[in-house]
Every structure is written in C-alpha cells, then in structure tokens.
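Enquirer:
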Amino acid sequence: MNKDEKYMKAALRLAKKAYAMDETPIGCVIVRDDKIIARGYNRRNTDKTALAHAEITAIKKACKKTGDWRLEECTLYVTLEPCQMCAGAIVQSRMGRVVIGAMNPKAGCAGSIINLLNMEKFNHRVETERGILEDECSTLMSEFFANLRARKKAQSE
Numbered sequence: 027m028n029k030d031e032k033y034m035k036a037a038l039r040l041a042k043k044a045y046a047m048d049e050t051p052i053g054c055v056i057v058r059d060d061k062i063i064a065r066g067y068n069r070r071n072t073d074k075t076a077l078a079h080a081e082i083t084a085i086k087k088a089c090k091k092t093g094d095w096r097l098e099e100c101t102l103y104v105t106l107e108p109c110q111m112c113a114g115a116i117v118q119s120r121m122g123r124v125v126i127g128a129m130n131p132k133a134g135c136a137g138s139i140i141n142l143l144n145m146e147k148f149n150h151r152v153e154t155e156r157g158i159l160e161d162e163c164s165t166l167m168s169e170f171f172a173n174l175r176a177r178k179k180a181q182s183e
C-alpha cells in the first residue's frame, strides 16, 4: 500500500462513520509532514447546516492546528470529488495537493463539471491526483444511495 492509499483508507473510515450516522458517506483527512493533522466527515443532516462538509470541517481544523490559514504544505484526501464550495475553500486555503477517491459527475468541481482547483485566472492552483481507491469510494456511495432509495420506497408502501 502506498502513502496515498494509506491516507485514503483513513478518509474512507471517516466516510463509514458518516454512513453510520445516516449521512452521505464522505470522509476527508489532511496530512502534513506524513502525519494526519485534521479529519472531517459529512455532517450536514446532523448539524443542520449546508457548511458541514467533510472538507470544510477538516480545513477548519487544519488551520487551527497549524495556526495559519495557508495550508501550502498539506495534502487533502477526500473520498468524493469536492463540490464548488469545498473546491473554493481548498483553493482559498492554498492547499498544496488534493487526492480524490471517486469523481462526482453530477456535482464535482475538481474536473467533472468544472475544475476550480486549476483555473488559470486564480492566483493558486492545486496539484490533483484522482482515482485513489476509486472502487472502494464509489461502492460506498452507491451502497448508501441504494439503501436510501430502498428505505424511501418501503416507507411509501
């Protein structure tokens, strides 16, 4: 197992924690100097806020841990391609690198719909790696939404 897989597995554990809370299973870790300095997982329904995305939570914790809003020396690992809000926060935090598990063709803003992480007009661009443990990440999402649809169908019958 290489370093990217190791840290993506840590993000997957957090995604499974979100799943257990009946949240969309997205997990995120931020690494600096080969050490996890921040963790986050989706908590939108639990916290009743649109801002409780895995990446936003982890970025906030990493900034607090480092004492700086600039995270240039850090790598963010996330199980699902970031949305526009999270991609914007990644750019604003000057994240050095982002590693993505599964892409999100319906809402992803790191290459699927648009690539906010590498827009020439922004003053910061983020090195991006895609497809790390992609099967595990996408299977977790597919399973979650299949179970959600089955529950909704059972409730309506």
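All residue numbers for the sequence shown refer to my numbering, where the first residue is 27 and numbers rise by one. Note that the Cβ used here is the ideal one computed from N, Cα and C, for glycine as well.
#1: So, do the stretch 29 to 48 and the stretch 56 to 67 have three or more beta carbon pairs nearer to each other than 8 Å?
#2: Taking 8 Å as the limit between beta carbons, can you name the residues of its chain near K122, skipping five residues before and five after?
#3: On the DSSP bridge assignment, give the partners of L102 in chain order.
#4: Can you have a look at P131 and say buried or exposed, based on whether 16 or more other CB atoms are within 10 angstroms of its CB?
#5: In this structure, does DSSP put E155 in helix, strand or coil?
#6: Got a sec? Which residues, its chain only, sit under 7 Å from S138 by beta carbon, not counting five neighbours each side?
#7: Let me know the secondary structure DSSP gives G66 once reduced to three states.
#8: I need the straight-line Cα distance from L142 to A180, nearest angstrom please.
#9: Within the same chain, show all residues whose beta-carbon is closer than 8 Å to that of E49, passing over the 5 residues directly before and after it, in chain order.
#10: Closest by CA to I82, which one among R177, I52 and L159?
#11: Given a threshold of 16 other Cβ atoms within 10 Å of its Cβ, counted over all protein chains shown, does S119 qualify as buried or as exposed?
#12: Around the Cβ of I140, are there at least 16 other Cβ atoms within 10 angstroms (buried) or fewer (exposed)?
Expert: Concretely, from the data shown:
#1: yes
#2: As a first step, residue 122 is located in the sequence shown; it is residue number 96 there, counting from the start. Rather than Lys, the amino acid found at residue 122 in this sequence is Gly. The answer, listed in chain order, is L97, E98, E99, C100, T101, V152 and E153.
#3: As a position in the sequence shown, residue 102 is number 76, starting the count at 1. Its beta-bridge partners are I56 and V124.
#4: In the sequence shown, the residue the question calls residue 131 occupies position 105. With fewer than 16 other Cβ atoms within 10 Å, it is exposed.
#5: Translated into positions along the sequence shown, residue 155 becomes position 129. E155 falls in the strand class under three-state DSSP.
#6: For this step, residue 138 is matched to residue 112 along the sequence shown. These residues qualify, in order along the chain: E107, M129, N130 and P131.
#7: The sequence position of residue 66 within the sequence shown is 40, counting from 1. Reduced to three states, the DSSP call for G66 is strand.
#8: By one-based count along the sequence shown, residue 142 stands at place 116. By one-based count along the sequence shown, residue 180 stands at place 154. If I take the Cα positions, the gap works out to 39 Å.
#9: As a working note, residue 49 is residue 23 in the sequence shown. Result list for E49: Y67, N68, R69, R70, N71 and T72, in chain order.
#10: Within the sequence shown, numbered from 1, the residue matching residue 82 stands at position 56. Proximity to I82 across R177, I52 and L159 peaks at I52, based on C-alpha coordinates.
#11: On the sequence shown, position 93 is the one that residue 119 refers to. The residue is buried, with at least 16 neighbouring Cβ atoms inside 10 Å.
#12: Here residue 140 is taken as the residue at index 114 of the sequence shown, counted from 1. By the 10 Å Cβ count, I140 comes out exposed.
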